[in-house]
Amino acid sequence: MMERVLITGGAGFIGSHTVEEFLLDPNYEVIVVDNLISGKYENIKDFDVEFHRFDLRDKVQLESLFKGKNIDCIIHHAAQISVRDSMENPVYDAEQNILGLINILDLSVKYGVKKILFSSSAAVYGNSKTLPLSEGDDTWPQSFYGLSKLTGENYIKLYSELYGLKYVIFRYSNVYGERQSNRGEAGVISIFSHNMIKGDSIIIEGDGEQTRDFIYVKDIARANYMALKNNLENEVINVSTNNEVCINELFEHMAKKLSYKGKVFYDRERHGDIKRSRLDNGKLKNILKIEPRYNLESGIDAYLKKRAPRDN
Ligand SMILES: NC(=O)c1ccc[n+]([C@@H]2O[C@H](COP(=O)([O-])OP(=O)(O)OC[C@H]3O[C@@H](n4cnc5c(N)ncnc54)[C@H](O)[C@@H]3O)[C@@H](O)[C@H]2O)c1
């Protein structure tokens with residue numbers, strides 16, 4: 006039977022790839038809500054989706070959408086995604102990342118939505134001495150962004166306990182790929198490629214020894230699709246490659262690929278940034294029975310091949 010999926014933030018980076026993945030399956034019909042604050046309509050203009058432009062904090066508009074549409078499932082991507090902005094303006098971060106979600110949860114219960122898939126983040130863990138991080142490990146965010154994501158997770162679990170709403174919480178590691186903007190939580194690969202191709206200098210924040218677990222966006226979109234397809238229920242799962250690479254190594258790799266001869270400068274460490282990140286993806290493999298198809302090298306190759314000039 007045809008399922009109707011609402012993808013919030015569907016005109017954004019990960020959202021638009023998720024839209025694309027669902028549209029490969031004729032059993033899904035996709036509706037997108039996005040206020041285009043960081044997303045772009047052109048990211049989805051070629052796709053067969055119903056698009057609504059408004060802010061999720063506007064509950065009246067949101068309710069009129071729910072009322073008319075019989076939504077089966079929701080993939081909630083809409084959020085402010087910048088760690089830096091969350092540190093400068095925690096109120097804005099909480100408004101975007103928590104209030105919008107509460108509207109979605111309230112209306113999901115009222116209109117009988119079957120399931121919500123929430124895009125959480127590695128930022129919920131904070132700094133940990135032992136890596137890789139597993140889903141049962143302590144969560145102690147180092148940024149307001151991480152805190153608002155963790156709070157979102159807890160709202161979802163309480164709505165589930167109280168009203169039976171089913172959920173999947175995915176904690177993505179650092180995602181990269183085409184259509185990613187040059188700012189935000191994890192735009193380092195898009196910033197490096199943008200600057201290297203233009204011949205501009207590169208700025209590395211901190212000493213460059215901080216590590217990240219980079220995952221290609223197509224693997225994220227596939228995990229989102231498989232979670233609904235395989236009826237995953239009430240699980241918190243890391244979506245990652247379980248590989249750790251430091252920013253200096255990433256720079257070297259990309260500089261070689263792009264024959265970059267420009268300058269590299271080191272700047273102050275970013276407030277709220279974690280030092281090391283690597284997420285265990287055992288649960289993804291065992292429960293969802295998928296694993297990433299791309300490693301960092303093949304993912305960067307795919308990205309550089311498909312990267313459009315408008316990714317600049
Ligand atoms: N990019 C990453 O590495 C990464 C890692 C972990 C988690 N995530 C999460 O994945 C999700 C998608 O991130 P992304 O990298 O694609 O970012 P993005 O900025 O490209 O996507 C967010 C989308 O949400 C929209 N939006 C924001 N606030 C809105 C609101 N109040 N109402 C309606 N639309 C709104 C934006 O216009 C944008 O299209 C976010 O929830 C983010 O926290 C991203």
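Position in the sequence shown counted from 1, then plus 5, gives you my numbering. We put the beta carbon where it would ideally sit given N, CA and C, even for glycine. The model shown is predicted, which means the values in this text are computed figures rather than measured ones.
- In the three-state reduction of the DSSP assignment, residue 59 falls in the coil class, being assigned neither a helical nor a strand state.
- Taking 8 Å as the cut-off, the beta carbon of residue 49 is found no closer than this to the beta carbon of residue 118.
- Judged by their CB atoms, residue 149 and residue 209 are not nearer to each other than the 8 Å cut-off.
- Not a single heavy atom of ligand 1 lies less than 7 Å from the C-beta of residue 215.
- The segment 19 to 39 makes contact with the segment 222 to 240; the number of CB pairs closer than 8 Å reaches 3 or more.
- For the pair residue 311 and residue 138, the Cα-to-Cα distance works out to about 31 Å.
- Given a length threshold of 4 residues, each whole run of the alpha helix (DSSP H) inside the segment 32 to 84 is given here in chain order: 64 to 74.
- The secondary-structure analysis by DSSP pairs residue 90 with nothing; it has no beta-bridge partner.
- Of the candidates 184, 250, 132 and 109, the residue whose Cα lies closest to the Cα of residue 280 is 132.
- The beta carbon of residue 56 sits no closer than 7 Å to any heavy atom of ligand 1.
- A residue is called buried when at least 16 other Cβ atoms come within 10 angstroms of its Cβ; residue 96 does not meet this threshold and is exposed.
- The C-alpha of residue 153 is placed about 16 Å away from the C-alpha of residue 61.
- About 5 Å separates the Cβ atoms of residue 187 and residue 195, confirming a contact at the 8 Å cut-off.
- For residue 180, the distance from the CB to the nearest heavy atom of ligand 1 is below 7 Å.
- Per the coordinates, the alpha-carbon of residue 110 lies some 27 Å from the alpha-carbon of residue 31.
- Shown here, residue 299 sits in coil according to DSSP, grouped into three states, outside any helix or strand.
- With distances taken between CA atoms, residue 135 lies nearest to 284 out of 284, 270 and 246.
- Contact check for residue 244 and residue 289: beta-carbon distance about 6 Å, within the 8 Å limit, so the pair qualifies.
- By the criterion of a C-beta distance shorter than 6 Å, residue 38 is surrounded in its chain by 13 and 57, once the five residues flanking it on both sides are discounted.
- In this structure the segment 259 to 272 does not touch the segment 65 to 82; the number of beta carbon pairs closer than 8 Å is below three.
- Per the coordinates, the alpha-carbon of residue 272 lies some 42 Å from the alpha-carbon of residue 233.
- Cβ neighbours of residue 125 within its own chain (closer than 6 Å, five residues either side excluded): 154, 158, 174 and 176.
- Under the three-state reduction of DSSP, residue 285 is assigned to coil, being neither helix nor strand.
- Taken from the Cβ of residue 105, at least one heavy atom of ligand 1 lies inside 7 Å.
- Between residue 171 and residue 248, the C-beta gap is not smaller than 8 Å, which leaves the two residues out of contact.
- Listed in chain order, the non-local C-beta contacts of residue 44 below 6 Å within the same chain comprise 16 and 17, local neighbours out to five positions each way being set aside.
- In the three-state reduction of the DSSP assignment, residue 160 falls in the helix class, which pools H, G and I.
- Taking 7 Å as the cut-off, the C-beta of residue 110 does not count as close to any heavy atom of ligand 1.
- Note that the C-beta distance between residue 35 and residue 10 is below 8 Å.
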